[in-house]
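Down below is the structure, laid out as structure tokens.
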Amino acid sequence: MFTVQVSKTARGAASDLNEILRHPQCAGMDLYLHVDPGEYVVPDAHLVDRHVVVVPTEGPGTVTVAVGRAPVFTVTSGRLELYGVDVVGGSEEDPPVSLHPGASFYAQDCTFTAPSQIDAHQAPVEISRCRFEGGGLAMFGGGGSVTETVFDGAWLTVGGAGAAQLEGLAFTGSGGVAGMTVTAQAEPVVRDCSFEAAGSAEKPALLVADGAAPVLTDCRLGESPDISVLVTDRARAVFTRLTVDGGGPGRASVHVEGEAEAVLDGCEITGAGIGLYVSGAQARVADLRVTGPSWQGILVDGGRITGEGVRIEDPEANGLHLREARALLSSVEIIGAAAGADAAYPSLYLEESRVELDGLRVLGNRGRQAVTAQGGGGALRRVELSDIGGGLWVAEGCSLTVDGLTATMCGSNAVNVMSGGYVEVTGAKVRTTVSDGVHVGDGGRLLMKESVAGGAAGGVGVIDGGTATLEDTLLSGAGRAGAAVTGGGRLHMVRCTVRDNGEPGVYAEEGAVLQLVDTELEGVEQRVGAFTGDEESGRAWAVVGADRPEPDPGPGPVDPPPDPPAGEARPLEEVLAELDAMVGLEGVKKEVRALIDLQRVNERRRGAGLPELDFSRHLVFSGPPGTGKTTVARIYGEVLRSLGILREGVFIEASRADLVGEHLGETTRKTTELFEQARGGVLFIDEAYALSRTFGSGSDFGQEAIDALIKLMEDLRDEVVVVFAGYSDEMRTFLAANPGLKSRVSRVVAFENLGPDQLAAIFTAMAENKGYVLGPGVHDLVVRHFRAQVRDESFGNGREARRMFEEVVQRQASRVVADGGTTARELSLVLPADLEGVVDPGLAARLGAPRDERQARALTARLESMVGLHGVKREVAELTSLISAGRRRQAAGLDARLPSRHLVFAGPPGTGKTTVARIYGELLAALGVLAQGQVVEVGRADLVGQYVGQTAQRTREVFEKARGGVLFIDEAYALTRAAGAADFGQEAVDTLIKLMEDFRDEVVVIAAGHTDEMRGFLAANPGLASRFSRTVVFAPYTAEELAAVFAATAAEADFAVPDATLAAVGDAVRADPDRYARGNGREVRKLFDEAVARQARRIERMVLAGEDPSIEHLRDLLPEDVAPVRGTG
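Heads up: the sequence shown runs through residues 126 to 1254, numbered per my numbering.
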């Protein structure tokens, strides 16, 4: 390297850098330029095409290099190094430093002042202790590092491949763009960076986009004009110990959108508009704290959030708001509310969302509702509510299970179920300071088990068409009645206790239904105060234990409300209430209400003198049978009648046989006659796709019916509404084949299969409507039965629930007659015995004590005989001992919480993971924990599909095969490694989480893979990690253990391994440690196969040489078979 002095004053020195860079005598030479203090301003760029180092003679800040209308430096090849140089660019079009692909750049203690950015495309850069003002740096594809550097009103962009390390950076002020942008699949590692007032009014301080996947640790963001952090466009960002203080007014501190994903571990967000906003994306959180948001703590809109450890403090509005979202969370705390906050906002708001939340605390929320759930559903476990305005408020078709609820110091109802909501509560302890502890009304339904309830007013209140069932529950400490049922409500109490309440203990008024089964009313003041009236009006009645006098049940359950007079439409609210009361169908209800809104607006437009909207009212209902299509069609017709759009309440059901004739012209006549009958109402055509199917070999007139329908639907569009119904796939094909018909239909309303809890709710409602009471364990058996059913398009849904109910009623009747039952209690009670032969209790329900203790001992001995694996054997033995002891405790009537049987097997390949999984499955079967013990082995390809919906279907099919046994998922970590832009691995994980819970007693899941990858896989999926009881580590085999594996493999194949051969095996393993560390037992088995092949060739040579091999020759493997002598392989 040639050293040259550059000085404006020194004699003989070059006066500027270009003088040296362009000097012919320096062409091609690497240069070390010592530059004296001064400003070196030239009109043209400094061209660098070799290795050039620029160092100020008197240290940083003494030398300025500037160019007005071109790049200051253009590096076409080679390497440019700057130490302590101030670089000033004046061009908005040209970068201060332009790096061509293949060049490299190093800067230390430099300042870059320019309106444009340094461009480094496919050129590595190293920048340390520098400062950027007014411009920035763009790194694309070349990688490199930026450390301890300040960006003042400047920006940094990282994109493309190439490892980039960013550490100790400070972003201050706004450059009109994002402070830091990570884009174009870049994967930089970012540490210890700070952002203060970075970004702009329209740009975030930190932007992650376009498939980028940065890992950021210990970063801090102060006040930002806009969103502090934005993750979008399929990017994935991992944040550890991120702190964010505020953001733009009303904006999110961390915003995740556009199918992106953010992982937040140990992060803190303070004073934001919205702390974390997830829109059409997903977030994984662990130990996240959001403090003092001026709007909402966390908002998930159409996305997914999973994780554990969330604390939200003093929100202005909702602490956590889920809108058409999915959530799988544990340990969530929402503490307090902002001073003066609007009490209309619940702390936790679930809006048309599916949620699974384990460990929820809502404390001191300044008079707000703690939880509001509208639509959707899910499960809450271990819920603590205290010093709140109200507890759980569930409505609008939401179906929610709550296990373990403690509610104290509630200003309103601790549990409030309204508007078609369904809540199942187990293990609750509720106490209110103003209202009833539990309130059910307006079509709400409640099942409460093993709970304690009381309130300043009453314990449980059921009004206005609500239905509640209490089992094994104590009602105590209420200011008035422990339980009250009024206004046509229904209350069923089974094995409950009522004491220490106001008088009467239980109250029912005219028009209500009250049933008491084996229920104790302690103290004379806790009597039943029930209106009995006369035969015409008395509808309240009670069924008590056999030891009590039984009141006359009167005329039986409440009759349905009378029909309106002929020709009179029912009130719209009444019709909509009937729709809302239907179990499930949230999407259908939403579609129907949207249609109603459109009709209402059209009527208002007409009343305002505006042109009417021209739209069709004809519909297609697609979906499996038994999902309520016919009922909803009737309700839709009544809605249109209530709105004055249809003049009659006619509802005509028809099928292909009602429309299609046997000869020409008859079809048109039949179709027209049906339309005439349906004038002023609805024509419902079931299995409409059958019209376009040809039957027989002769003429078929189905198409004639379709043609007639198309014409009549247009001619009588204001008088007849047509609803076509059928299976989803067939209806799609039917419409696609008949575009004229498709154009007449306003929309397709999709009916989905009902879930197990919804089907059980239908079964329960049927029983209640007929005056039956479900005994202990019956509801659980029904749910388990439906969980075990394959709910494809042929599944009967509500019809299956009705079939079950009718069979159960028949069996209950047979039992009652055989037992000689005559009391109301005996006639109304349904016991688990009545379900035998009707429901499939699932494989797990058929298990009991250990079925084969001898087999269990043999399997344990087989596990112990395996080479090495001492830690694995200890883990499996400990787990099976816990399970076995727990089963014995249960058999003795003691409480025993069995550990999860799901395991993680972590270790390199070839260490026996699959073999141990097979033994584990057979061992659980022998212990009576699993029904069969078979092992179903799968990988990513068996679970992950290629289009939306296929993955969930594949995963469910695999679980079905594994029922009663073990599902072994090899290389499980591959599920979350994206294989393209549209990858469904995460869908497989989400489905696994649900199925592992649904089939927890029937399927044991073992996820296997390399140790490091499995650790990362579980860390990235906390909801999945919580399903596994432990991780069993399979350590690599030692050389001696691998030799023993070789000998055991040989013995199984009837070969002998002399000591010399065993020593040769150990030598072979030690000679190639990498191979055997990667493959362990697999590689040893390959070595054995190779040795057998060499022995066969050795014996063949003996035979060709005229020798007769002895039994020892044929049996023994020799050292040369393991490590062949050169030239004999």
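Glycine residues also receive a C-beta, built at the ideal position from the N, C-alpha and C atoms.
Between residue 495 and residue 472, the beta carbon gap of about 5 Å places them in contact (Cβ cut-off 8 Å).
Of all C-beta pairs linking the stretch 759-772 to the stretch 789-799, fewer than three are shorter than 8 Å, placing the two stretches out of contact. The C-alpha of residue 465 lies about 39 Å from the C-alpha of residue 713. The beta carbon of residue 1194 sits closer than 6 Å to the beta carbons of 1164, 1167, 1201 from its chain, once the five residues preceding and following it are set aside; these are given in chain order. Setting aside the 5 residues that flank it on each side, residue 563 is surrounded in the same chain by 540, 578, 585, each with a C-beta closer than 6 Å to its C-beta; the list follows chain order. According to DSSP, residue pairing for residue 264 in a beta bridge involves 245, 283. The three-state secondary structure of residue 710, taken from DSSP, is coil. Proximity to residue 181 across 202, 133, 201, 625 peaks at 133, based on C-alpha coordinates. According to the DSSP assignment, residue 295 belongs to the beta strand (DSSP E) that extends over 295-297. Our two residues, residue 781 and residue 798, have alpha carbons roughly 14 Å apart in a direct line. It is roughly 34 Å from the alpha-carbon of residue 1046 to the alpha-carbon of residue 921. Excluding its 5 nearest sequence neighbours in each direction, residue 196 has C-beta neighbours in its own chain below 6 Å: 170, 219, 220, 223, listed in chain order.
Spanning the alpha carbons of residue 693 and residue 757 requires a straight line of approximately 20 Å. Ranking 832, 804, 805 by CA distance to the CA of residue 816 puts 832 first. Straight-line measurement puts the Cα of residue 334 at about 25 Å from the Cα of residue 446. Residue 504 holds the alpha-carbon nearest to the alpha-carbon of residue 485 among 479, 493, 469, 504. A direct Cα-to-Cα measurement between residue 399 and residue 490 gives close to 18 Å.
If you check the CB distance, residue 1036 and residue 1161 come in under 8 Å.
Boundaries for residue 526: no alpha helix (DSSP H) harbours it, while the beta strand (DSSP E) harbouring it runs 524-535, taken from the DSSP string. Residue 328 is classed as buried because its beta carbon has at least 16 other beta carbons within 10 Å across all chains shown. Taking the Cα positions, residue 1176 is about 25 Å away from residue 1228.
Annotation for residue 754: 746, 850, 876 place their beta carbon closer than 6 Å to its own, counting only its chain and skipping 5 residues before and after. Between residue 268 and residue 288, the C-beta gap is smaller than 8 Å, which places the two residues in contact.
A Cβ-Cβ separation of about 5 Å places residue 883 in contact with residue 708 under the 8 Å criterion.
Across the structure, residue 208 and residue 351 are spaced so that their CA atoms are roughly 36 Å apart. Out of 154, 138, 192, the CA that lies nearest to the CA of residue 164 is found in 192.
Straight-line spacing of the CA atoms in residue 1006 and residue 1030 works out to 19 Å. If you ignore the 5 residues before and after residue 936, its C-beta comes within less than 6 Å of the C-beta of 959, all in its own chain and listed in chain order. In the structure shown, residue 904 falls within a helical segment according to DSSP collapsed to helix, strand and coil. If you ignore the 5 residues before and after residue 865, its C-beta comes within less than 7 Å of the C-beta of 835, all in its own chain and listed in chain order. Taking 8 Å as the upper bound for CB-CB distance, residue 323 and residue 299 are in contact here, some 7 Å apart. When only Cα atoms are considered, residue 1179 and residue 880 end up about 55 Å apart.
Separation of the CB atoms of residue 303 and residue 275 is rounded to 16 Å, and the pair is thereby denied contact status at 8 Å. Between residue 175 and residue 203, the C-beta gap is smaller than 8 Å, which places the two residues in contact. In terms of CA proximity to residue 213, 190 leads the group 801, 190, 854, 625. Ranking 635, 644, 561 by CA distance to the CA of residue 598 puts 644 first.
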